[in-house]
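Q: Sharing a structure below in structure tokens format, with a few things to ask.
Residue numbers (the numbering used here): 59 to 482.
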């Protein structure tokens, strides 16, 4: 009896070891084995540094820095240990954040895990600026505009696809959606669908929005000329997330006078106000433009309610769709939190239609799903019309009512309300 039990235990151990071993045939590979094969391909083209290797019973997560330039790209892989993956999805985070903060928080319930469970190898590609260490010269980001980001993404996808050869989708949130659309403007073998999540694209006949885009483009061009190579707003939010956790009821020093109210916000109140009324917060370009920092935003990074009182200590607030603890956890995973000024400059040029930077809408021939949020960037999805007018009839747009910009990723009901569309 004991010998039989021992033999069975040894057999199980050998099976597990075999499954975790280096890739076998790619066409019959598990998600983990595909990830290992892709990592080997990346290692063959540039020095790499493995920063995460996290196996669990059902899935594995690898993270590596791809050191092809002074500041590396970060590439994450999430794959099933026992389930074969028959497709790949590339997830592209927005400006100032990374794969872990956008798509992998909480670690066991997120968009990456959703795709993994649906039979995908999940690959996250995080921009170089996330890896700029404190004290690094911001001048390195002077030319890191839209097409530079797209080129970096295309390089990683090309290496991995040459190895795994599976159909793939590319999904991006915020500026990540801009990268995805820009990438799809050039022919890409095997690209099955583009999923753009909450990014703005203005109608060229909307004079106010196009004019504001031109003013913003010129402001960021001036900022670059003045040596302001990056916006650190997301670093500030990360710091506020921490301070508000430690000192929630302490005076933040930020006045409420613009609201016609006495006193200053508490740190916690300021955090909730910043998430719920995000479109009111000034930005790096505000002194030059007179516009709010993220002026294309309708209202909120996260939908919520805020009731003001005469005494700031009596303010009441809550998020209605996302958990602040989840958003706080995500913020702590952010790296530098920097967004290159060149990236803002280029995307405002796209929306100003001034020719300084363009997305090749007519070149997007693959199916497109473009999903915006009502309180995020709203119904500003004119690029989808450009794609349709170019002869691509497989374009679907949707507006998620009541959702803020981040709720599409972190909302409690996002899986039921939205995510199912991504698999169609």
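Ideal Cβ positions, reconstructed from N, Cα and C, are used throughout, including at glycine.
Here the structure is a predicted model, which means the values were calculated and not measured.
1. Are there three or more Cβ pairs, one per stretch, closer than 8 Å when the region 153–163 is compared with the region 360–380?
2. Let's test the definition: count the other Cβ atoms within 10 Å of the Cβ of residue 121 and tell me whether it reaches 16, buried, or not, exposed.
3. Count the CB pairs spanning the region 281–293 and the region 392–403 that are closer than 8 Å, and state whether there are at least three.
4. Considering only C-alpha positions, which residue in the set 384, 327, 261, 223 is nearest to residue 444?
5. Look at the alpha carbon of residue 135 and the alpha carbon of residue 116, and state the distance between them as a whole number of angstroms.
6. Near residue 324, what residues of its chain come up, given a Cβ to Cβ distance below 7 Å and the 5 sequence neighbours on each side ignored?
7. Go ahead and pull the three-state DSSP assignment for residue 325.
8. Check each candidate in 352, 176, 432 and name the one with the smallest Cα separation from residue 455.
9. If you measure from the beta carbon of residue 465 to each beta carbon in chain D, is any gap under 9 Å?
10. Can you give the Cα-Cα distance for residue 541 and residue 280, rounded to whole angstroms?
11. Per DSSP, residue 231 forms a beta bridge with which residues?
12. On the three-state DSSP scale, how would you describe residue 194?
13. Taking the Cβ atom as the reference point for each residue, do residue 343 and residue 278 lie within a distance shorter than 9 Å?
14. For the region 140–147 against the region 174–185, are there 3 or more C-beta pairs whose distance is under 8 Å?
15. Do residue 466 and residue 166 come within 9 Å of each other at the CB atom, strictly closer than that value?
16. From the DSSP secondary-structure annotation, give me the bridge partner or partners of residue 183.
17. Over the uninterrupted alpha helix (DSSP H) stretch that includes residue 441, give me the two end residues.
18. Using C-beta distances below 8 Å, list every residue in its chain close to residue 221, excluding the 5 sequence neighbours before and after it, in chain order.
19. Rounded to a whole number of angstroms, what is the C-alpha to C-alpha distance between residue 303 and residue 340?
20. Report the rounded CA-to-CA distance for residue 476 versus residue 284, giving the unit in angstroms.
21. In this structure, how does DSSP classify residue 354 when only helix, strand and coil are distinguished?
22. Sort 209, 195, 168 by Cα distance to residue 126 and report the nearest one.
A: Taking the geometry as given:
1. Too few Cβ pairs lie closer than 8 Å, so no.
2. Counting from one through the chain shown, the residue named residue 121 turns up at place 63. Buried, because 16 or more other Cβ atoms sit within 10 Å of the Cβ of residue 121.
3. The region 281–293 makes contact with the region 392–403, as at least three CB pairs between them are under 8 Å.
4. In the chain shown, the residue the question calls residue 444 occupies position 386. Out of 384, 327, 261, 223, the CA that lies nearest to the CA of residue 444 is found in 261.
5. Reading the chain shown from its first residue, position 77 is the one you call residue 135. Reading the chain shown from its first residue, position 58 is the one you call residue 116. Roughly 14 Å between the two C-alpha positions.
6. Working through the chain shown from its first residue, we reach residue 324 at position 266. Excluding positions up to five away in sequence, the list reads 306, 307, 308, 309, 310, 370, 371.
7. Residue 325 sits at position 267 when you count from the first residue of the chain shown. DSSP places residue 325 within a helical segment (H, G or I) once states are collapsed to three.
8. Along the chain shown, one-based indexing puts residue 455 at 397. Measuring from the Cα of residue 455, the nearest candidate turns out to be 432.
9. Of the protein chains in the structure, only one exists, and it is not chain D.
10. Outside the modelled stretch of the chain, which goes from 59 to 482, sits residue 541, for which no answer is possible.
11. In the chain shown, counting from the first residue as 1, residue 231 sits at position 173. In the DSSP secondary-structure assignment, residue 231 is bridged to 255.
12. The residue given as residue 194 occupies position 136 in the chain shown. Residue 194 carries a coil assignment under DSSP once its states are collapsed to helix, strand and coil.
13. Against the chain shown, residue 343 aligns to sequence position 285. Against the chain shown, residue 278 aligns to sequence position 220. With contacts defined as CB atoms closer than 9 Å, residue 343 and residue 278 qualify as a contacting pair.
14. Short answer: they touch.
15. Position 108 of the chain shown, counted from the first residue, corresponds to residue 166. Position 408 of the chain shown, counted from the first residue, corresponds to residue 466. No, the Cβ-Cβ distance between residue 166 and residue 466 is not below 9 Å.
16. Position 125 of the chain shown, counted from the start, is the residue given in the question as residue 183. In the DSSP output, where bridge partners are listed per residue, residue 183 has 133.
17. Taking the first residue of the chain shown as 1, we reach residue 441 at position 383. Element bounds for residue 441: 440–447.
18. If you number the chain shown from 1, residue 221 lands on position 163. 84, 95, 96, 98, 99, listed in sequence order.
19. In the chain shown, counting from the first residue as 1, residue 303 sits at position 245. In the chain shown, counting from the first residue as 1, residue 340 sits at position 282. Residue 303 and residue 340: Cα-Cα distance of roughly 23 Å.
20. For this step, residue 476 is matched to residue 418 along the chain shown. For this step, residue 284 is matched to residue 226 along the chain shown. Between the C-alpha atoms of residue 476 and residue 284 there is a straight-line separation of about 42 Å.
21. The sequence position of residue 354 within the chain shown is 296, counting from 1. Here residue 354 sits in coil by DSSP.
22. Here residue 126 is taken as the residue at index 68 of the chain shown, counted from 1. Answer by Cα proximity: 209.
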